[in-house]
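The structure under discussion appears below in the form of structure tokens.
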Amino acid sequence: MRTFWRITKLLGDYKRLTVAGFALAFAQMGLSLLVPRVTQLAIDRALLGGDSHMLVWYGLGLIGVGAVRFAVGVGRRLTTGKASLGIEYDLRQRLWSHLLRQPFAYFDRWPTGQLMSRLMSDITNVRMFLGYGMVFFAVNVVMILAIAVILLALDWRLALLSLAFLPALLLVTWRFSRRLRPILRDVQQRIADVTAAAEENVVGSRIVRIFAREDDEMAKFSDRSTRVFEASVAAARTRAVYVPLIAFLPNLAVAFLLWYGGRQVVQGSLTLGELVAFYTYLMMLVYPAQVIGWLTGLAQRAMASGERIYELLDAPIEMEERPDAAPLPQAAGAVTFDRVSFAYGDRRVLEDVSLEVPAGRTVALVGHTGCGKTTLANLVPRFYDVSGGRVLVDGHDVRDLKLADLRRHIGVVTQDPFLFSASIAENIRAGRPEASAGEVRAAARIAQADEFIAALPDGYDTVVGERGLTLSGGQRQRLAIARALVMDPRILILDDATSSVDVETESRIRAALADVTEGRTTFIVAHRPSTISLADEVVVLDHGRIVARGTHDELLAAGGHYAHMFGDAEARRCDLDAVFAQESGAAAGGEEPAPARRPAGRPAGRPPPEGRPDGP
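Written out as structure tokens, the structure reads:
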């Protein structure tokens, strides 16, 4: 019942339309109730009286009532339709706004299909009930009562016999409502499971085919569809019993009417017109009786959907912006991790991490998979909140800053970049919509994307497919780098930003990023020594703790965890780089490639360690 009252409160912003819809619906009902009365008069006064002139007037009267009823019906549909669509729009906007304010951790727990089902089908169920179900239910209940009063006025004995089915109708409807509600909630939940499975298979269609998982995924989808089928059959079985029963009960009244009313006409205590009117009114009860069953089901679906919607809306915002949050209009970019700890639920990822990164410094975060590198970087733009400790930007706790101001100064390139189904220029402008065409191209050139964009049919106006799957992984990654650079951020986070590009492109991007990172605070999450070499300092994490710090060469020379990870790979990579440099120089007519950035911590002119080339 609480859900019902919460849903009806949504009508508050559409009071006038709702009132107008109810008024027009009742007017339409009143006009419908006039038809049997006019028919009665036409039979008794004109037809039985032999007055053909009166028949014409009564016929015109019926046409007039029908025409007015038509106009009122059009108005009623327009007003209730506008109100219901407005409610749907507002509720969807409210729910989407609520979801957008939730942090990453919230979406880690919810399947996409579940959220999409509640945003679409559940909201539509609520809209149908508020826009049409409530009006029809009220009108039909009032119509039943009005017809009962009219029948009692015509002949109370006949009316009591004919209306004896009403208590049974109310009891059956009540039992129907109680049995159908939990079944329909189960149907909605299982439909959401199917939606989730479909969404996973569409997004992961390539993985399904790469690993020949078609049969397994079909079996999983079929299993979920079967559950929907079984729940829907249970609902249909319940309707199959109750809806015909609800429709059958009025027929008992018709049988009594023909038996008892017919005898009264023969005896002369009831006119033929009154019997026809009585019969017509009684038949008008059949439709409301049938509709009440359908409307009860509609109400139950709306209640079940309302519970699912409010389950999301009632969830607290897990990352609220404080009322006194301060803006960060000008960021220098200094970042401090002060005894930071973090956990995904019960799983500890970071433990007592302290790190100071001065403004303009480039730090590489390295370590084995799952050691907390990406998590640590994600705490800077406050994608997650720390479990303990503080993250500070320019001395300000990120929890004390306005999120929009904080993130406006941070550019992020993820390992698996997401692109919208829009033009390449629009994707690059995602972080800064006001960027000019020149700024977009400049960012693309730095990201080594301008060349392949120019080769596309429509250049920067080329529309990429959903999630950018019409582009290669390396092309998507370069566009993601351009998208971050066009923001001109003070803090740049590169999470394995060159993992999907070839060696030649990586070398060119690395040379460009060496200039881009100058003057910016940059966090590089990387596994390639060549990318790590861009950093002024390397921070090694293991099991959520910092275990080593220093330059690339210092950590290699010191041995230990870092040298174990990269020592052998470094030697092999340097041999490959030497071969590549020779081939590139020959292909360019003898022109030497751009020198790689010198690792920090070694003065210019200082020879490299014995037996090792300078830099990766």
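The working numbering puts the first residue of the sequence shown at 1, with every later residue one more than the last.
Cβ atoms here follow ideal geometry from the backbone N, Cα and C, with glycine treated the same way.
Treat the numbers as computed from the prediction; the structure is a model and nothing was measured.
Sorted by chain position, which residues of the same chain lie with C-beta nearer than 6 Å to residue i's C-beta, five sequence neighbours on each side aside?
i    : result
Y562 : V540, A548 and L555
A571 : Note that A571 scores a pLDDT of 49, beneath 50, so its modelled location is shaky; the value from the coordinates is reported in the next line. None.
G75  : L24
E537 : V363
G589 : Residue placement at G589 is flagged as unreliable, the pLDDT there being 46, under the threshold of 50; the coordinate-derived value follows with that caveat. None.
K402 : A325 and P327
C371 : L541 and D542
L180 : T238, G297 and Q300
Taking all protein chains shown into account, decide if residue i is buried (16 or more other Cβ within 10 angstroms of its Cβ) or exposed.
i    : result
V126 : buried
L295 : buried
E318 : exposed
T218 : In the sequence on display, residue 218 carries Met and not Thr. Exposed, by the Cβ-count rule.
E320 : exposed
T18  : buried
P381 : buried
S305 : buried
M120 : exposed
Q330 : exposed
R490 : buried
Y89  : exposed
Y344 : exposed
P417 : buried
T369 : exposed
R178 : exposed
R476 : buried
V291 : buried
L492 : buried
H53  : exposed
A587 : Low confidence applies to A587: its pLDDT is 45, below 50, so where it sits in the model is not reliable enough to give any reading.
G268 : exposed
L145 : exposed
L115 : buried
Measure the beta-carbon distance from residue i to residue j and round it to whole angstroms, keeping in mind my assumption that it falls under 8 Å.
i    : j    : result
L60  : V35  : Their Cβ separation, rounded to whole angstroms, is 14 Å, which puts L60 and V35 out of contact at 8 Å.
S530 : E506 : 7 Å
L31  : V65  : 6 Å
A447 : R478 : 5 Å
L465 : S436 : The sequence shown places Gly at residue 465, rather than the Leu named in the question. Wrong, their Cβ atoms sit about 26 Å apart, outside the cutoff.
V349 : V335 : Their Cβ separation, rounded to whole angstroms, is 18 Å, which puts V349 and V335 out of contact at 8 Å.
L221 : N251 : The sequence shown places Phe at residue 221, rather than the Leu named in the question. Going by Cβ atoms, the distance from F221 to N251 rounds to 44 Å, so no, they are not a contact pair.
G113 : A235 : With 8 Å as the limit, G113 and A235 do not qualify as a contact, their Cβ atoms being about 21 Å apart.
L10  : I87  : 5 Å
T79  : G12  : Between G12 and T79 the Cβ distance is about 16 Å, and since that is not below 8 Å, they are no contact.
T374 : D495 : 6 Å
R237 : V194 : Contact doesn't hold; Cβ gap of about 20 Å is too wide.
A514 : V412 : Contact flag wrong, Cβ pair sits at about 19 Å.
I453 : A444 : 6 Å
With a CB to CB cut of under 8 Å and the five nearest residues on each side skipped, what residues in its chain are close to residue i?
i    : result
L85  : R127 and G131
L151 : L158, A159, S162, L163, F278, Y281 and L282
A253 : L161, S162, L163, A164, F165, L282 and L285
L249 : F165, A168, L169, V172 and A289
V142 : F26 and M29
R339 : D352, V353, S354, G388, G389 and R390
V440 : A425, I428, R429, Y460, A482 and V486
T3   : M303, G306, E307 and Y310
D108 : Y344
R69  : Q28, L31 and S32
D502 : G474
R94  : L313
Suppose the cutoff is 7 Å on Cβ atoms and the five residues either side in sequence are ignored; what does the same chain contact list for residue i look like?
i    : result
A105 : E318 and Y384
Q102 : I317 and E318
G261 : L158, L270, L275 and F278
V208 : N201, E214 and E217
R92  : L119 and I123
L456 : T462
(Q) Restricting to runs no shorter than 4 residues, where is the alpha helix (DSSP H) found entirely within the stretch 409-448? (A) Within the stretch 409-448, the complete alpha helix (DSSP H) runs of at least 4 residues are 424-428 and 437-446.
Q | Cβ pair count under 8 Å reaching 3, the stretch 359-379 against the stretch 296-305 | A | No, the stretch 359-379 does not touch the stretch 296-305.
Q) Does the stretch 31-47 come close enough to the stretch 269-283 that 3 or more CB-CB pairs lie under 8 Å? A) The stretch 269-283 makes contact with the stretch 31-47; the number of CB pairs closer than 8 Å reaches 3 or more.
(Q) Whether or not the stretch 183-194 and the stretch 219-235 are in contact is what I'm after, with contact meaning three or more pairs of Cβ atoms, one per stretch, closer than 8 Å; do they touch? (A) As far as the Cβ criterion goes, the stretch 219-235 touches the stretch 183-194, which means the pair count is three or higher.
Q. Would the stretch 516-526 and the stretch 330-349 be scored as touching if the rule is three or more Cβ pairs under 8 Å?
A. Enough Cβ pairs lie closer than 8 Å, so yes.
(Q) What ranges does the beta strand (DSSP E) occupy inside the stretch 327-374, keeping only unbroken runs of at least 3 residues that lie completely in it? (A) The stretch 327-374 contains these whole beta strand (DSSP E) runs: 335-344, 347-357 and 362-366.
Q | Complete beta strand (DSSP E) runs within the stretch 530-570 (minimum length 3 residues, chain order) | A | Contiguous beta strand (DSSP E) elements confined to the stretch 530-570 occur at 537-542 and 545-550, taking only those with 3 or more residues.
Q: Any chance you could list the beta strand (DSSP E) runs of at least 3 consecutive residues sitting entirely within the stretch 137-212, in chain order?
A: Counting only runs of 3 or more, we get nothing.
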